[in-house]
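Here the structure is laid out as structure tokens; the discussion comes afterwards.
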Amino acid sequence: MACWFSTRPLAAMQRFFRPDPFGSDQVLLTFNKKILQPSTTSVLLKIIADSLRQILDPTSLIIWLREEPFKMEPPSLLWIGRPPPPVIDLLEDDACYQSSLCQVSRLKNSAFKTSLQQAGIVLVEPIIAYGECLGWLGLGSPRYNSGYSMEQRNLVELIVYQAALALSNRRLQTELKSSVTQLRRAYQQIIQTQENERRQLAETLHDETLQHLADVSVRLGLL
Numbered sequence: 015m016a017c018w019f020s021t022r023p024l025a026a027m028q029r030f031f032r033p034d035p036f037g038s039d040q041v042l043l044t045f046n047k048k049i050l051q052p053s054t055t056s057v058l059l060k061i062i063a064d065s066l067r068q069i070l071d072p073t074s075l076i077i078w079l080r081e082e083p084f085k086m087e088p089p090s091l092l093w094i095g096r097p098p099p100p101v102i103d104l105l106e107d108d109a110c111y112q113s114s115l116c117q118v119s120r121l122k123n124s125a126f127k128t129s130l131q132q133a134g135i136v137l138v139e140p141i142i143a144y145g146e147c148l149g150w151l152g153l154g155s156p157r158y159n160s161g162y163s164m165e166q167r168n169l170v171e172l173i174v175y176q177a178a179l180a181l182s183n184r185r186l187q188t189e190l191k192s193s194v195t196q197l198r199r200a201y202q203q204i205i206q207t208q209e210n211e212r213r214q215l216a217e218t219l220h221d222e223t224l225q226h227l228a229d230v231s232v233r234l235g236l237l
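If you're matching positions, the sequence shown starts at 15 in the working numbering and goes up one per residue.
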């Protein structure tokens, strides 16, 4: 499978060759290893959340995936910290219309924005893979700082970018597995139908043969 990288994630990667002020290198290495391993969507969400929590320690964190791309394996809303309003997963996913990490305060006024603010979310990032928005990530304020630095925001964008690819690949694997299962069932049905037709034909031929023999026997008896 061909992979491509936009200039924004590449620029974020280049920053990691400098001295690591957040102790994030080991967390990123572990994150990269984990998301490459076969796992369910819910496990992938937990890996993403744990990595961001270790690096940034946000007061709140929400990961929401659109229902449409994940029909084969519907994930649940994942949150850490202050519980989000119960309607947040029913609202229009305005975050998907953003191109990158942005402040919630800059979103247009809507029920979506209000729900994020009620959940303590200050930053929101779309989860995009191959041009398709899969959902969004929301972060609350850092627990021990007034805000996130530019390097921390770059870390968020890098993790979300890699996570988006992993989630997209997981979805494709699930759909492929489902398609293979359906093909196997269809094949078994065809085989069973052919077997039933063969048996029916054999029974018909057997009955016709017996009938023919009976007719011959009757005719011989009349001679």
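Just so it is clear, CB atoms sit at the ideal spot from N, CA and C, and this is done for glycine as well.
Item	Value
Can you have a look at Y162 and say buried or exposed, based on whether 16 or more other CB atoms are within 10 angstroms of its CB?	buried
Look at the alpha carbon of L70 and the alpha carbon of P156, and state the distance between them as a whole number of angstroms.	6 Å
Would G152 and L50 qualify as a contact pair, given that the criterion is a beta-carbon distance under 8 Å?	no
Pick out whichever of E217, G95, L169 has its Cα sitting closest to the Cα of A133.	G95
On a Cα-Cα basis, can you pick out the residue from D64, F126, N159 that is closest to L42?	D64
Tell me the DSSP bridge mates of V138?	C116, G152
With the cut-off set at 8 Å, would you say V138 and L148 are in Cβ contact?	no
First and last residue of the alpha helix (DSSP H) that includes L92?	From DSSP, L92 is part of no alpha helix (DSSP H) but of the beta strand (DSSP E) over 92-94.
P72 to L66, Cα distance in whole Å?	8 Å
Name the DSSP beta bridge partners of E211, please?	Answer is none; E211 lacks a bridge partner.
On the premise that I141 lies in contact with V174, defined as a C-beta separation below 8 Å, what is that separation, rounded to the nearest angstrom?	6 Å
Select from S119, A180, T188 the residue whose C-alpha is nearest the C-alpha of Y144.	A180
Which residues share a DSSP beta bridge with E146?	A143
How would you write the range of the beta strand (DSSP E) that L121 sits in, first residue to last?	No beta strand (DSSP E) contains L121, which DSSP labels as neither H nor E.
Within the same chain, show all residues whose beta-carbon is closer than 8 Å to that of P35, passing over the 5 residues directly before and after it, in chain order.	Residue confidence for P35 is low, a pLDDT of 48 falling below 50, so the modelled location carries little weight and cannot support an answer.
CA-CA distance, E146 and K60?	21 Å
For T54, which option in Q214, K191, E211 has the closest C-alpha, if you only look at C-alpha atoms?	K191
P52 to T44, Cα distance in whole Å?	15 Å
What is the rounded straight-line gap between the Cα of S38 and the Cα of L92?	23 Å
Give the C-beta separation of L115 and V194 to the nearest angstrom, bearing in mind that I take them to be a contact with Cβ-Cβ under 8 Å.	With a Cβ gap of about 37 Å, L115 and V194 do not count as contacting.
Have a look at the DSSP bridge pairing and note the partners of L172.	According to DSSP, which records beta bridges pairwise, L172 is partnered with nothing at all.
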